[in-house]
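Below is one structure, written out as structure tokens; the observations come after it.
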Amino acid sequence: LLRKKQIDADLLNQLEEVLLTADIGVKTASRIFEQVRSSLSRQELKDEAAVWSVIKAESRKLLSVDAPPLDYARQKPFVLLVVGVNGAGKTTTIGKLAAQLTGEGKKVILAAGDTFRAAAVEQLEIWGQRAGVPVVKGKEGGDPSSVIFEAIKRAQKEGLDVVIADTAGRLHVKAELMEELAKVRRVIKKADPTAPHETFLVLDSTNGQNAIAQARTFKEMLEVTGIVLTKLDGTAKGGVILGIAHELAVPVRYIGIGEKIQDLRAFDAVDFVDVLYE
Amino acid sequence: TLSKGFRAARERLTGVAELSEENIESALRDVRMALLEADVALPVVRQFLQRVKEKAVGQSVQLRAKAELPTGDKLGEKALKSVEVTPEYHFIRICQEELTALMGNAEGGPTEINWAKKGPTVFMLVGLQGSGKTTTAGKLARWLQKIHKRKPLLVAADIYRPAAVQQLQVLGEKLGITVFTAPGKSPPEICDEAYRLAYTKGYEVVILDTAGRLAIDEPLMAELEQIRGRVKPQETFLVVDAMIGQDAVNTAKSFHERIGTTGFVLTKLDGDARGGAALSIREVTGQPVRFLGMGESLEKLEEFRPEGLASRILG
Ligand SMILES: Nc1nc2c(ncn2[C@@H]2O[C@H](COP(=O)(O)OP(=O)(O)OP(=O)(O)O)[C@@H](O)[C@H]2O)c(=O)[nH]1
Ligand SMILES: Nc1nc2c(ncn2[C@@H]2O[C@H](COP(=O)(O)OP(=O)(O)OP(=O)(O)O)[C@@H](O)[C@H]2O)c(=O)[nH]1
Ligand SMILES: [Mg+2]
Ligand SMILES: [Mg+2]
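Protein sequence lines, in the order shown, are assigned to chains A and B.
Here the working numbering runs 186 ahead of the position in the first sequence, where the first position is 1.
Here the working numbering runs 8 ahead of the position in the second sequence, where the first position is 1.
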């Protein structure tokens with residue numbers, strides 16, 4: 187009687203504990219376990235080290251998206267649109283990225299496209315000062331599209347290298363707010379038909395399975411080309427990104443590891459997976 | 009409406025004569041899946057399932073006993089009627105009951121505010137970065153003024169985040185509520201001074217908006233302890249984003265153990281996050297949900313009622 191080979195029950199319980207509490211999610215965890223089952227022999231399935239080695243390899247594989255490296259020089263001005271749900275870390279990430287790109291010798295300008303939330307413009311202006319870059323803002327409660335349009339026009343006129351557009355946080359279930367972003371995209375195309383050159387979805391690594399719905403909806407509406415995973419300096423592992431990267435084929439470009447201007451790192455799948463399971 | 013996990017459990021038990029250890033086991037597996045997908049923490053899921061199992065097995069034994077009563081008398085007739093509930097409906101109902109019982113408090117209604125015996129009542133809002141504290145501070149001040157007719161003072165105790173003080177000032181301005189600020193002072197000093205002002209000027213509720221922080225950030229957690237030591241808040245609410253995943257358990261436990269929370273506020277419930285963290289936080293801190301954030305505008309705050317959240321977590 188050929189009974190299907192199984193991961194030892196006690197070991198499976200331990201593995202589930204690690205993967206599920208890292209927010210990997212039931213579906214992705216099952217997928218990883220299936221890969222373990224099919225790629226190891228009956229004997230190896232009792233060997234914790236062998237099992238972990240497959241788990242890590244499979245996790246890295248889920249994160250590896252076939253995408254060209256980020257190249258901020260491929261267009262001038264390079265237009266980056268930053269989107270995501272409320273409180274994910276968009277404005278802070280823009281400040282950090284502005285500083286990093288300025289440090290690499292690029293001339294950066296920011297667009298205060300959150301014209302809605304209390305003191306959102308002031309918050310971005312402080313980051314602009316810290317990074318040493320100008321911030322384009324419109325009048326309070328004004329149209330975000332026109333602020334971003336103006337910033338691109340100014341960058342074109344002054345020969346700047348990068349425009350980073352901040353937008354208001356919005357829950358993906360709010361149709362009219364998602365439509366507002368679609369409009370922002372259309373208006374950006376009026377300034378430059380090839381833009382936006384990248385659209386980053388900022389995801390909070392403390393999110394659980396709802397991050398999947400966020401990513402799907404934002405990608406559907408806006409052609410998201412990259413993900414930034416923030417707040418990885420906390421105790422949350424951000425494991426939900428495994429399923430997201432794989433399903434949507436969007437690369438994670440950066441991770442946020444703190445609240446200071448230097449707390450941004452380029453994403454590294456090997457490092458991320460090591461930390462995920464430590 | 010039930011999520012597919014709970015529907016699967018119900019279908020699995022359809023046609024079953026009675027609940028037994030065996031058929032309950034697989035139904036529990038379906039429920040387990042549903043709760044994990046709703047972001048309930050794994051250890052909490054395990055405890056919850058254990059209780060459901062005990063209740064389901066225990067009750068099915070009781071039901072069987074009742075069914076054997078003579079049906080001649082009136083009482084027996086009534087008892088027999090109660091047995092006509094099908095096992096699958098019975099099982100789901102046990103899940104719902106356990107969930108509602110877990111989420112609510114003994115009386116079933118919202119939790120009473122712990123008003124100060126004399127002087128202003130202090131509310132301290134704490135939590136991770138971006139969870140919605142500042143917005144909730146504005147909402148809570150408005151709510152206390154409108155529903156409880158108390159004169160509120162908002163306190164801008166976040167000196168770190170760029171334009172955090174300004175953000176609270178804009179909210180205060182919108183609401184016509186005073187915002188206390190003390191540029192250059194530390195958060196414990198700010199809160200202390202605000203309290204003294206409130207006491208002398210007759211503000212009846214004081215709401216402290218603190219900076220977002222990680223529970224593992226030792227100096228910032230110590231800062232919260234200092235604020236607490238100086239001002240002794242009557243209510244300390246952990247403000248939590250409804251989208252939070254498994255980390256809800258670590259975060260809630262740390263904040264509760266360090267500074268003692270008296271409840272939590274679940275924000276961004278106008279999204280489609282199932283909010284399973286509510287169950288985890290309730291389990292791990294023993295404290296109830298006090299308020300729900302249902303949108304960005306300042307009137308979008310609701311007092312918590314257990315049945316609503318229970319059915320959302322179930323799917
Ligand atoms: N610990 C930590 N905190 C972060 C990180 N990134 C952002 N934050 C904090 O998260 C909070 C929210 O950040 P914001 O930049 O205002 O987020 P946002 O997405 O622009 O928010 P909205 O515009 O209101 O939607 C702030 O307190 C930031 O300091 C990170 O990588 N680590
Ligand atoms: N949709 C929705 N958005 C909310 C809700 N509560 C807060 N927000 C939004 O979430 C974002 C973060 O809110 P804040 O009040 O700045 O959060 P915070 O906890 O004070 O952030 P830090 O001070 O940086 O830790 C803002 O964009 C708010 O408008 C809610 O109930 N629903
Ligand atoms: Mg922002
Ligand atoms: Mg705040």
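In this text, a Cβ means the ideal position worked out from N, Cα and C, and glycines have one as well.
All values derive from a computational prediction rather than experimental measurement.
Who pairs with ASP390 (chain A) in a beta bridge, going by DSSP? Reading the first sequence from its first residue, position 204 is the one you call residue 390 (chain A). Per DSSP, A:THR416.
If distances are taken between C-alpha atoms only, which option among B:SER288, B:ILE267, B:ARG221 comes closest to VAL239 (chain B)? Along the second sequence, one-based indexing puts residue 239 (chain B) at 231. Closest by alpha carbon: B:ILE267.
In whole angstroms, what is the alpha-carbon distance linking MET407 (chain A) and ASP347 (chain A)? Walking along the first sequence from the start, residue 407 (chain A) turns up at place 221. Walking along the first sequence from the start, residue 347 (chain A) turns up at place 161. Their backbone Cα atoms lie some 27 Å apart in a straight line.
So does THR142 (chain B) have its beta carbon nearer than 6 Å to some heavy atom of ligand 4? Walking along the second sequence from the start, residue 142 (chain B) turns up at place 134. THR142 (chain B): yes, Cβ under 6 Å from ligand 4.
Which residues of chain B have a Cβ atom closer than 9 Å to the Cβ of LYS417 (chain A), listed in chain order? As a first step, residue 417 (chain A) must be located in the first sequence, where it is residue number 231. Under the 9 Å cutoff, chain B gives LEU136, GLN137, GLY138, LEU222.
Quick one, are the C-beta atoms of VAL187 (chain B) and LEU162 (chain B) less than 7 Å apart? Against the second sequence, residue 187 (chain B) aligns to sequence position 179. Against the second sequence, residue 162 (chain B) aligns to sequence position 154. Yes; because the gap between Cβ atoms is below 7 Å, this pair is in contact.
Residues near ligand 3, CB to any non-hydrogen atom under 5 Å, in chain order? Checking every Cβ against the heavy atoms of ligand 3 under 5 Å gives A:LYS276, A:THR277.
So with Cβ pairs under 7 Å, would you call ALA165 (chain B) a contact of chain A? Position 157 of the second sequence, counting from 1, holds the residue named residue 165 (chain B). For ALA165 (chain B), the answer is no, since every Cβ of chain A falls outside 7 Å of its Cβ.
Contact list for THR259 (chain B) against chain C, beta-carbon separation under 9 Å: Within the model displayed, chain C is absent; protein chains A and B are what it includes.
Among B:ASP278, B:ASP200, B:LEU306, B:PRO128, nearest to GLU233 (chain B) - alpha-carbon criterion: Along the second sequence, read from residue 1 onward, the residue named residue 233 (chain B) stands at position 225. For the residues B:ASP278, B:ASP200, B:LEU306, B:PRO128, the minimum Cα distance to GLU233 (chain B) belongs to B:ASP200.
If you draw a straight line from the alpha carbon of VAL321 (chain A) to that of GLY270 (chain A), how long is it in whole angstroms? Mapped onto the first sequence, residue 321 (chain A) falls at position 135. Mapped onto the first sequence, residue 270 (chain A) falls at position 84. If you take the alpha carbons of VAL321 (chain A) and GLY270 (chain A), they lie about 20 Å apart.
Amino acids of chain B, ordered along the chain, whose beta-carbon sits closer than 9 Å to that of GLY388 (chain A): Walking along the first sequence from the start, residue 388 (chain A) turns up at place 202. Note on residue identity: the sequence assigns Val, not Gly, to residue 388 (chain A). By Cβ distance, chain B contributes nothing, its closest Cβ being about 10 Å from VAL388 (chain A), past 9 Å.
Got a sec: is the Cβ-Cβ distance from GLY305 (chain A) to anything in chain B below 7 Å? Residue 305 (chain A) sits at position 119 when you count from the first residue of the first sequence. Note that residue 305 (chain A) is Ala in the sequence shown, not Gly. Yes - at least one Cβ of chain B is within 7 Å of the one on ALA305 (chain A).
On the DSSP bridge assignment, give the partners of VAL273 (chain B) in chain order. Translated into the one-based positions of the second sequence, residue 273 (chain B) becomes position 265. For VAL273 (chain B), which the question treats as bridged, DSSP gives the partners B:VAL247, B:PHE299.
Out of B:GLY237, B:LYS261, B:LYS193, B:TYR207, state which residue places its alpha-carbon closest to the alpha-carbon of LEU222 (chain B). Numbered from its first residue, the second sequence carries residue 222 (chain B) at position 214. Nearest of B:GLY237, B:LYS261, B:LYS193, B:TYR207 to LEU222 (chain B), Cα basis: B:LYS261.
Smallest Cα separation from LYS123 (chain B): which of B:VAL213, B:ALA145, B:ALA165? Sequence index remark: in the second sequence, residue 123 (chain B) carries index 115 (1-based). Reading the sequence as shown, one finds Trp at residue 123 (chain B) and not Lys. Nearest C-alpha to TRP123 (chain B): B:VAL213.
Does any heavy atom of ligand 1 sit closer than 6 Å to the C-beta of THR301 (chain A)? Position 115 of the first sequence, counted from the start, is the residue given in the question as residue 301 (chain A). Every heavy atom of ligand 1 is 6 Å or more from the Cβ of THR301 (chain A), so no.
For ligand 4, is there any heavy atom lying closer than 6 Å to the beta carbon of ALA172 (chain B)? One-based indexing of the second sequence puts residue 172 (chain B) at position 164. Yes - ligand 4 has a heavy atom lying nearer than 6 Å to the Cβ of ALA172 (chain B).
So, for LYS82 (chain B): in the same chain, excluding its five sequence neighbours on each side, which residues have a beta-carbon less than 6 Å away from its beta-carbon? Within the second sequence, the letter at position 74 stands for residue 82 (chain B). Below a pLDDT of 50, predicted positions are generally treated as unreliable, and LYS82 (chain B), at 44, falls in that range; the measurement from the model is reported next regardless. Within the same chain, LYS82 (chain B) has no close Cβ partners at all.
Could you work out which residues of chain A lie near GLY279 (chain B), taking near to mean beta carbons separated by less than 8 Å? If you number the second sequence from 1, residue 279 (chain B) lands on position 271. Result: VAL271, LEU357, HIS358, VAL359, ASN396.
Against chain A, with Cβ distances strictly below 7 Å, would GLN242 (chain B) count as a contact? Locating residue 242 (chain B) in the second sequence gives position 234, where the first residue counts as 1. GLN242 (chain B) does not count as touching chain A.
Between the Cα of VAL319 (chain A) and those of A:LEU296, A:SER331, A:GLY328, spot the shortest distance and give me the residue it belongs to. The sequence position of residue 319 (chain A) within the first sequence is 133, counting from 1. With distances taken between Cα atoms, VAL319 (chain A) lies closest to A:LEU296.
Which residue's Cα is closest to the Cα of GLY138 (chain B): B:VAL297, B:LEU27, B:ARG169? Along the second sequence, one-based indexing puts residue 138 (chain B) at 130. The residue with the shortest Cα to Cα distance from GLY138 (chain B) is B:ARG169.
Might you give, ordered along the chain, the residues of its own chain that have their beta carbon closer than 7 Å to the beta carbon of GLU311 (chain B), omitting 5 neighbours on each side? Along the second sequence, read from residue 1 onward, the residue named residue 311 (chain B) stands at position 303. Beyond the five residues adjoining it in sequence on each side, GLU311 (chain B) comes within less than 7 Å, by CB distance, of PRO118, PHE299 in the same chain, given in chain order.
Measuring CB atoms only, is the segment 440-447 of chain A touching the segment 228-244 of chain A, in the sense that at least three cross pairs come out at less than 8 Å? Verdict: no, contact absent.
According to DSSP, what are the bridge partners of PHE131 (chain B)? As a working mapping, residue 131 (chain B) is identified with position 123 in the second sequence. BP columns for PHE131 (chain B) point to B:ILE215, B:GLU243.
If we cut at 7 Å on Cβ distances, does VAL222 (chain A) have a partner in chain B? In the first sequence, residue 222 (chain A) corresponds to position 36, counting from 1. No, VAL222 (chain A) does not count as interfacial toward chain B.
GLU19 (chain B) lies in the beta strand (DSSP E); which residues open and close that run? Within the second sequence, numbered from 1, the residue matching residue 19 (chain B) stands at position 11. It is not in any beta strand (DSSP E) - GLU19 (chain B) instead sits in the alpha helix (DSSP H) that spans 12-21.
Continuous alpha helix (DSSP H) stretch holding ILE280 (chain A): start and end: Position 94 of the first sequence holds residue 280 (chain A). Looking at the DSSP string, the run of the alpha helix (DSSP H) that includes ILE280 (chain A) is 276-289.
Leaving out five residues on either side along the sequence, give the residues of the same chain with a beta carbon under 8 Å from the beta carbon of THR22 (chain B). Locating residue 22 (chain B) in the second sequence gives position 14, counting from the first residue. For THR22 (chain B), where only same-chain residues beyond five positions count, the Cβ hits under 8 Å are THR94, GLU96.
Coil, strand or helix - ALA109 (chain B) by DSSP: Taking the second sequence and counting its residues from 1, the one referred to as residue 109 (chain B) is at position 101. ALA109 (chain B): helix per DSSP, three-state reduction.
Between which two residues does the beta strand (DSSP E) harbouring GLU311 (chain B) extend? Working through the second sequence from its first residue, we reach residue 311 (chain B) at position 303. In the DSSP assignment, GLU311 (chain B) falls within the unbroken beta strand (DSSP E) covering 309-311.
Out of A:ALA354, A:GLN221, A:GLU409, which has the shortest C-alpha to C-alpha gap to TRP238 (chain A)? Counting from one through the first sequence, the residue named residue 238 (chain A) turns up at place 52. The candidate whose alpha carbon is nearest that of TRP238 (chain A) is A:GLN221.
Using CA coordinates, which residue listed in A:THR403, A:ARG372, A:THR385 is at the minimum distance from LEU256 (chain A)? Numbered from its first residue, the first sequence carries residue 256 (chain A) at position 70. For LEU256 (chain A), the nearest C-alpha among the options comes from A:THR385.
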